[in-house]
Amino acid sequence: MANADTIVALGTPPGVAALSVIRLSGPSCAEIVRRICPGIPAEPEPRRAMLARALDPDTGASLDQVLVTVFPGPESYTGEDMAEVSCHGGWLSPALILEACLCAGALRAQEGEFTRRAFLNGKMDLLQVEAVLDLIESRTPALHGAAVHQLERGLSRRIGGLREGLVDLEAMLMHHLDFPEEDDPPVPTPRILARAGDLVGMMEELLRTAPEGELLREGAVTVLAGLPNSGKSSLFNALLGEERAIVTEVPGTTRDALEAVVSLGGFPFRLVDTAGLRETREKVERMGVEVARRYLRGADVILFCVEAERALQVSERRFLDEVAETPVVLVRTKSDLHAGEEPRAPRGPEPLPEPEGAGHGIEGVVSLSAKTGRGLEQLRDLLPGLAFRGLVSSGAEIPVLTRRRHAGAIGVALEELRAFVEALAGGLPAEVAATHLRPAETALEELLGVIPREEVLDRLFQDFCIGK
Ligand SMILES: Nc1nc2c(ncn2[C@@H]2O[C@H](COP(=O)(O)OP(=O)(O)OP(=O)(O)O)[C@@H](O)[C@H]2O)c(=O)[nH]1
Ligand SMILES: [Mg+2]
Numbered sequence: 091m092a093n094a095d096t097i098v099a100l101g102t103p104p105g106v107a108a109l110s111v112i113r114l115s116g117p118s119c120a121e122i123v124r125r126i127c128p129g130i131p132a133e134p135e136p137r138r139a140m141l142a143r144a145l146d147p148d149t150g151a152s153l154d155q156v157l158v159t160v161f162p163g164p165e166s167y168t169g170e171d172m173a174e175v176s177c178h179g180g181w182l183s184p185a186l187i188l189e190a191c192l193c194a195g196a197l198r199a200q201e202g203e204f205t206r207r208a209f210l211n212g213k214m215d216l217l218q219v220e221a222v223l224d225l226i227e228s229r230t231p232a233l234h235g236a237a238v239h240q241l242e243r244g245l246s247r248r249i250g251g252l253r254e255g256l257v258d259l260e261a262m263l264m265h266h267l268d269f270p271e272e273d274d275p276p277v278p279t280p281r282i283l284a285r286a287g288d289l290v291g292m293m294e295e296l297l298r299t300a301p302e303g304e305l306l307r308e309g310a311v312t313v314l315a316g317l318p319n320s321g322k323s324s325l326f327n328a329l330l331g332e333e334r335a336i337v338t339e340v341p342g343t344t345r346d347a348l349e350a351v352v353s354l355g356g357f358p359f360r361l362v363d364t365a366g367l368r369e370t371r372e373k374v375e376r377m378g379v380e381v382a383r384r385y386l387r388g389a390d391v392i393l394f395c396v397e398a399e400r401a402l403q404v405s406e407r408r409f410l411d412e413v414a415e416t417p418v419v420l421v422r423t424k425s426d427l428h429a430g431e432e433p434r435a436p437r438g439p440e441p442l443p444e445p446e447g448a449g450h451g452i453e454g455v456v457s458l459s460a461k462t463g464r465g466l467e468q469l470r471d472l473l474p475g476l477a478f479r480g481l482v483s484s485g486a487e488i489p490v491l492t493r494r495r496h497a498g499a500i501g502v503a504l505e506e507l508r509a510f511v512e513a514l515a516g517g518l519p520a521e522v523a524a525t526h527l528r529p530a531e532t533a534l535e536e537l538l539g540v541i542p543r544e545e546v547l548d549r550l551f552q553d554f555c556i557g558k
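If you count by my numbering, then the sequence shown holds residues 91 to 558, one letter each, in order.
Right, here's the structure in full:
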């Protein structure tokens, strides 16, 4: 599997910074580094930073003062010989040193090539590769936490355990398969079924984390909806902490949908401000209302804005009926205009009094003022529990399926395992039931990347930056 090419890339983004790292991997690392930094010893001490002058290999001109560290394989990130050159950040030093490495014989790395090599050399499995990607892209503590856990093999161990469980089942069946005519098998069928039942339960538990796990990467789509002028854009801006959406006293101000990602309680939310819902003949506004409805159909949570103390109109009730499947927070806006609100101490979200709440997906009512900020905190506290209920209640330590690929593979394994249970419990011969175990194992092996598939790898690595 050894790779003949030595690759090089910037491990840090270009631009003004104190430091920058150039990383190399491949058999000629040490040689290339010594051509650029002739001062370092012929047999450098592994994993120890050495101060050196980096020189242009052609002209001998001084490029920077650097720290060089070599990591002989296989004890390196990629499993190959590696080297890192830490230089001063900025626009030129890193670029010149990178150029010097290319002159000295290194090749420019492809997207994700370092991690790809790490995977191919058995330094990490496919779930860990994905974790690297999530880790560097995460902007919320929730995704960051899940990625670190996955990088530390939390999910890999769980999947590995399931795979072993399937192999155990096969072993238990072995005797049945070898001596089908014997009446008294060493492992009674009920015991095999019980073990299979445990595995089914574990797969189901894992699969339940998938919908919210995928939202960790994409953000929960949180749509602000309501009649024109109900204060949607003002609330959007208040949650973002900046004046992104235009706010005026003219009903029908917002026409397009505006999106922004915010972290609330450590979880990612994709807030969408939309056009106020009303029948209108005006062409642009009508299109805006159409767009709003499209977003509402895909919403994970709806913030339904109604001015405080105003009774819900028929059209608003009808709207709530339409979205009964989606969790809704009834936001009572502009509370500062209603004196009755002021003297009260802050309180938790109250249940919607009948008949307002009956039969709808209303999960809470929050009274707030975008103008004074009062009540915003309550809304922020409420949202993680609505969009990420399972993850909030289970805490950070259970592995989470964060990609469709994960849920797809576990789904296949679960289906096969259920078919196995059904066949065996239904009295079919052991060898017939057993035909479902291999495909279940294969699904888990593909998930871990035990059997690497080119197309899966290509799709995955195209999302990487060059230096990873
Ligand atoms: N006093 C007070 N006024 C508010 C508050 N929130 C919004 N307003 C006012 O209400 C009017 C409408 O606010 P917007 O945020 O534009 O309402 P909208 O729902 O986005 O309106 P459309 O985009 O037209 O559908 C503006 O004049 C705001 O200044 C609030 O909390 N307190
Ligand atoms: Mg608006």
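Note that beta-carbon positions come from the ideal geometry of N, C-alpha and C, so glycine has one too.
Sort V123, G250, E227 and P231 by Cα distance to D215 and report the nearest one.
Nearest of V123, G250, E227 and P231 to D215, Cα basis: G250.
Could you compute how far the alpha carbon of R376 sits from the alpha carbon of E369?
Their backbone Cα atoms lie some 7 Å apart in a straight line.
When you compare only the Cα positions, how much space is there between A190 and G101?
16 Å
Go through its chain and collect everything with a Cβ distance to R285's Cβ below 8 Å, but skip five positions before and after it.
G255, D258, L259 and M262
Excluding the 5 residues flanking E220 on each side, which residues of the same chain have their C-beta closer than 6 Å to its C-beta?
none
Report the CB separation of D171 from P134 in whole angstroms; it is logged as a contact under 8 Å.
About 11 Å; that fails the 8 Å criterion.
Give the straight-line distance between the Cα atoms of R253 and R360, rounded to the nearest whole angstrom.
36 Å
Using only the alpha-carbon positions, how far apart do R434 and T205 sit?
In this predicted model, R434 has a pLDDT of only 46, less than 50, meaning its place in the structure is not dependable enough to derive any value.
Got a sec, what are the start and stop residues for the beta strand (DSSP E) C193 sits in?
Here C193 belongs to no beta strand (DSSP E); instead the alpha helix (DSSP H) covers S183 to C193.
Out of F209, V421, L145 and L420, which has the shortest C-alpha to C-alpha gap to K558?
F209
Identify every residue that forms a DSSP beta bridge with I392.
V313 and V418
Can the beta-carbon of E294 be found less than 8 Å from the beta-carbon of L504?
yes
Looking only at its own chain, which residues have a Cβ that is under 6 Å from the Cβ of R138, when we skip the five neighbours before and after it?
Hits under 6 Å: none found.
If you follow the beta strand (DSSP E) that V222 is part of, which residue opens it and which one closes it?
Run containing V222: none in the beta strand (DSSP E); it sits in the alpha helix (DSSP H), L216 to E227.
By the three-class DSSP mapping on this structure, what secondary structure does A335 have?
A335 falls in the coil class under three-state DSSP.
Indicate whether S324 and A460 have their beta-carbon atoms separated by less than 8 Å.
Remark: C-beta atoms of S324 and A460 approach each other more closely than 8 Å.
Just how far apart, CA to CA, sit A497 and E165?
33 Å
With a threshold of 7 Å (Cβ to nearest heavy atom), would T96 be considered close to ligand 2?
no
Return yes when the Cβ of K322 is within less than 8 Å of the Cβ of L316, no when it is not.
Note that residue 316 is Gly in the sequence shown here, rather than Leu. A contact, by the Cβ cut-off of 8 Å.
Please say whether I187 and I122 have beta carbons closer to each other than 8 Å?
no
Using 8 Å as the threshold, is the C-beta distance between A365 and A382 below it?
yes
Taking 7 Å as the cut-off, is the CB of E536 close to at least one heavy atom of ligand 1?
no
For G309, is the classification buried or exposed, using 16 other Cβ atoms within 10 angstroms of its Cβ as the cut-off for buried?
buried
Compute the Euclidean distance between the alpha carbons of P103 and I452, then round it to the nearest angstrom.
45 Å
If I measure Cβ to Cβ from Y385 and keep anything under 8 Å in the same chain, skipping five residues before and after, which residues do I get?
V311, V313, A347, V362 and T364
To the nearest angstrom, how far is the alpha carbon of L197 from that of C555?
16 Å
By DSSP, does D154 sit in helix, in strand, or in coil?
DSSP places D154 in the strand class (E or B) of the three-state scheme.
Considering only residues of the same chain and omitting the five flanking positions on each side of S124, which have a CB-CB separation below 8 Å?
In the sequence as displayed, the identity of residue 124 is Arg instead of Ser. Cβ neighbours of R124 beyond the five flanking positions: I130 and A132.
Taking the alpha carbon of P318 as the point to measure from, which residue in T338, V391, L306 and A350 has its own alpha carbon closest?
T338
Report the rounded CA-to-CA distance for L289 versus L182, giving the unit in angstroms.
56 Å
How close, in whole Å, do the beta carbons of R307 and P489 come, if the pair is a contact with beta carbons under 8 Å?
Going by Cβ atoms, the distance from R307 to P489 rounds to 15 Å, so no, they are not a contact pair.
Assign I336 to buried or exposed, taking buried as 16 or more other Cβ atoms, counted over all protein chains shown, within 10 Å of its Cβ.
Of the residues assessed, I336 falls on the exposed side of the cut-off, its CB having fewer than 16 other CB atoms within 10 angstroms.
Comparing the CB of K322 with every heavy atom of ligand 2, is any distance shorter than 7 Å?
yes
Is the closest heavy atom of ligand 2 to the C-beta of T102 under 7 Å?
Flag unset: Cβ of T102 not near ligand 2.
Pull up the CB-CB distance for E302 and G480, whole angstroms please, since I reckon it's below 8 Å.
5 Å
Thinking G355 and R493 are a contact (beta carbons under 8 Å), I'd like their distance in whole angstroms, please.
About 23 Å separates the beta carbons of G355 and R493, which is beyond the 8 Å limit, so they are not a contact pair.
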